[in-house]
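Enquirer: Numbering (our numbering), first residue to last: 33 to 564.
Think of the CB as a built atom: it goes at the ideal place given N, C-alpha and C, for glycine as much as any other residue.
(1) Mind listing, in chain order, the continuous beta strand (DSSP E) runs of no fewer than 3 residues lying wholly within the stretch 56-81?
(2) Roughly how many angstroms lie between the CA atoms of residue 356 and residue 211, to the nearest whole one?
(3) Mind listing, in chain order, the continuous beta strand (DSSP E) runs of no fewer than 3 residues lying wholly within the stretch 169-226?
(4) Any idea which residues DSSP pairs residue 356 with across the strands?
(5) CB-CB under 6 Å to residue 520, same chain, minus the five flanking residues each way: which ones, in chain order?
(6) Is residue 346 near residue 332, with beta carbons less than 8 Å apart?
(7) Let me make sure I understand the geometry here. Which of 284, 262, 216, 233 has the alpha-carbon closest to that of residue 252?
(8) Just verifying my parser: in three-state terms, what is the DSSP assignment at residue 479?
(9) If you reduce the DSSP assignment to three classes, tell me which class residue 46 lands in.
(10) Give, in chain order, every unbroken run of the alpha helix (DSSP H) that is at least 4 residues long and sits entirely within the stretch 235-317.
(11) So what's residue 162 in DSSP terms, helix, strand or just coil?
(12) Rounded to a whole number of angstroms, what is the C-alpha to C-alpha distance between residue 498 and residue 481?
(13) Measuring only the C-alpha atoms, how far is residue 551 from residue 484?
(14) Would you mind listing the alpha helix (DSSP H) stretches within the stretch 493-533 that are 4+ residues and don't spill past its ends, in chain order?
(15) Short of 6 Å in beta carbon distance, which residues of its chain neighbour residue 375, apart from the five on each side in sequence? Order them along the chain.
(16) Should the stretch 115-125 be regarded as contacting the stretch 222-239, the criterion being three or more beta carbon pairs within less than 8 Å?
(17) Are the Cβ atoms of residue 335 and residue 69 separated by less than 8 Å?
(18) Can you list, in chain order, the residues of its chain with a C-beta nearer than 8 Å to that of residue 402? Leave out the 5 residues immediately preceding and following it.
(19) Between residue 384 and residue 373, what straight-line distance do the alpha-carbon atoms span, to the nearest angstrom?
(20) Which class does residue 431 belong to by DSSP, given the choice of helix, strand or coil?
(21) If we count the other Cβ atoms within 10 Å of its Cβ and call it buried at 16 or more, is residue 406 buried or exposed?
(22) Name, in chain order, the residues that DSSP records as bridge partners for residue 343.
(23) Where do the N-terminal and C-terminal ends of the beta strand (DSSP E) with residue 27 fall, by residue?
(24) Please report the Cβ distance between residue 242 and residue 186, rounded to the nearest whole angstrom; I am assuming they are in contact, meaning their Cβ atoms lie under 8 Å.
(25) Does the distance from the C-beta atom of residue 205 to that of residue 197 stay below 8 Å?
(26) Please report whether the beta-carbon of residue 335 lies at a distance below 8 Å from any beta-carbon of chain B.
(27) Got a sec? Which residues, its chain only, sit under 6 Å from residue 58 by beta carbon, not counting five neighbours each side?
(28) Consult DSSP for residue 233 and reduce its assignment to one of helix, strand or coil.
(29) To the nearest angstrom, how far is the alpha carbon of residue 31 from that of residue 534?
(30) Thinking C-beta only, is residue 290 closer than 8 Å to residue 263?
(31) Which residues share a DSSP beta bridge with residue 144?
(32) What are the start and end residues of the alpha helix (DSSP H) that includes residue 582?
(33) Using 8 Å as the Cβ pair cut-off and three pairs as the minimum, do the stretch 411-419 and the stretch 434-443 touch?
(34) Please report the Cβ distance between residue 96 and residue 62, rounded to the nearest whole angstrom; I am assuming they are in contact, meaning their Cβ atoms lie under 8 Å.
(35) Is residue 138 helix, strand or coil by DSSP?
(36) Buried or exposed, going by whether 16 or more other CB atoms sit within 10 Å of the CB of residue 155?
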């Protein structure tokens, strides 16, 4: 017997299967979500760090669907996860849809693989059959509940008072199995031992087995739990590095014990537990409820619950570019030490190092997220922004030629934070304003100014249609009438735009073209009254 499992040399990767052949094993990482709903931005960040590490080291990125809990399975969730990764540009090398040499990549399709390992653990004395009914489990929780222990777990102490193959005779166990009595298989966690491993972010992490309960490994329906499946699949798929959120740290000792008990400790992947993404106030893990309460998304894309019909907004639909979304996520828990904040995916791949990932949680700041998006909009070409902007315009009932949309994009992108802002800031380029915000010129509109505008319209009929020439004519006419040009610019802007916003007014007129500009001016001259 041994009193301490110390796997520091193992998790440091000193010995792995391929090293026995004199070759360093190819890096293989995986993201293994459950198809239970929308993809939280914390999940996408886990994907991102896996992806960056794999690409940095010439390795493979695997998407594995952990759908062993059929009671939580949600129709369409797997497709949603794949769509999210596709939008982010984080495409897996192996997945249920792509395939690969370690297929299948859905755990429900690998069901037959797991029982043999669970039974092996039972035969070796590292696991046991538990025949407790749901009623008996409820009674146990009520019986052992105390103020100090409000949620009793099936552990080394409680198992001695339950109905399992450790407390009943071998003959009774065999009879129960033969009669088809429902049972689960639980790991038998040893008493008084310490489990340690080296986390690539946190250094040495240790657990006392006295704080770990006997987790279910194989459920009554024959499906494995996460604890057994993740170990078996990581080993069979030759995963070399396992990156996951720090909320999984309490499960680490169970997984380490399984790697040991199954005889695979020399093949155990290196682990890294990523910091949590925290609420804006820094208190607790960011949740969907926080997003609903504070008015920002926490899912990558829109998610509609097929049962309730509830729609949860995503970053994509609210107008984020995937480049900005990925850039923002990378900085939630990592930096390269240079102070640089804007990174392309290629730059992230080049500069990503695990030793620059923070141990502490990162507070989510939606205003900072929007800043990233604004910076990416500024840096993006009109060609890159065209599909998103055109889609937003179409949603607003605006259809226009590609060349005009790109011209408008270049003119107003500095003013846009989210993609829908292109509609708000630029719709007047495609359709005339329905109303004018003339409150700013009330009491300042007089016959001399109206006369100037009417004369300006006459001059525009034959004028060279460039912004600089339109501006020169306008200012010359104002000077001739001894009217400050500044007093005339705002009325012109309101005529063309409808309000006090937009890019330089003569550039607006150039894009609108002669006929549209004159039409809008003519309409305003007929409608506006003196001192309105």
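Expert: By the coordinates alone:
(1) Counting whole runs of 3 or more residues, the stretch 56-81 contains the beta strand (DSSP E) stretches 60-63.
(2) Their backbone Cα atoms lie some 59 Å apart in a straight line.
(3) Here the runs fully enclosed are 216-219.
(4) The secondary-structure analysis by DSSP pairs residue 356 with nothing; it has no beta-bridge partner.
(5) Sequence-distant Cβ neighbours of residue 520 in its own chain, meaning closer than 6 Å and more than five residues away, are 510.
(6) For residue 346 and residue 332, yes; Cβs fall inside 8 Å.
(7) Checking every option, the nearest Cα to that of residue 252 belongs to 216.
(8) Looking at residue 479 - three-state DSSP - the assignment turns out to be helix.
(9) In this prediction, residue 46 scores a pLDDT of 36, lower than 50, which makes its location untrustworthy; no coordinate-derived value is stated.
(10) Within the stretch 235-317, complete alpha helix (DSSP H) segments of at least 4 residues are found at 258-268, 284-293, given in chain order.
(11) Strand, per DSSP.
(12) Those two C-alpha atoms are separated by around 23 Å.
(13) So the two alpha carbons sit approximately 16 Å from each other.
(14) DSSP runs (the alpha helix (DSSP H)) wholly in the stretch 493-533: 499-512, 517-529.
(15) Hits under 6 Å: 359.
(16) No: fewer than three Cβ pairs fall under 8 Å.
(17) Pairing residue 335 with residue 69 gives a Cβ-Cβ distance under 8 Å.
(18) Sequence-distant partners of residue 402 (beyond 5 residues in either direction) whose C-beta falls short of 8 Å from its own C-beta, in its chain, are 449, 450.
(19) One C-alpha to the other measures close to 13 Å.
(20) Reduced to three states, the DSSP call for residue 431 is coil.
(21) So residue 406 counts as buried.
(22) Residue pairing from DSSP places residue 343 in a beta bridge opposite 336.
(23) Since the first residue of the chain shown is 33 and the last is 564, residue 27 is not available in this structure.
(24) About 14 Å separates the CB atoms of residue 242 and residue 186; that is not less than 8 Å, and the two are not in contact.
(25) Yes.
(26) Judged by its chain identifiers, the structure shown contains no chain B, having just a single protein chain.
(27) By the criterion of a C-beta distance shorter than 6 Å, residue 58 is surrounded in its chain by 91, once the five residues flanking it on both sides are discounted.
(28) In the three-state scheme derived from DSSP, where H, G and I count as helix and E and B as strand, residue 233 is classed as coil.
(29) The question about residue 31 has no answer, for the chain in this structure spans 33 to 564.
(30) In this structure, the beta-carbon distance from residue 263 to residue 290 falls below 8 Å.
(31) Per DSSP, none; premise fails for residue 144.
(32) Look at the range of the chain in this structure, 33 to 564, and you will see that residue 582 is not part of it.
(33) As far as the Cβ criterion goes, the stretch 411-419 touches the stretch 434-443, which means the pair count is three or higher.
(34) Rounded, the Cβ-Cβ distance is 5 Å, consistent with contact.
(35) Strand.
(36) Exposed.
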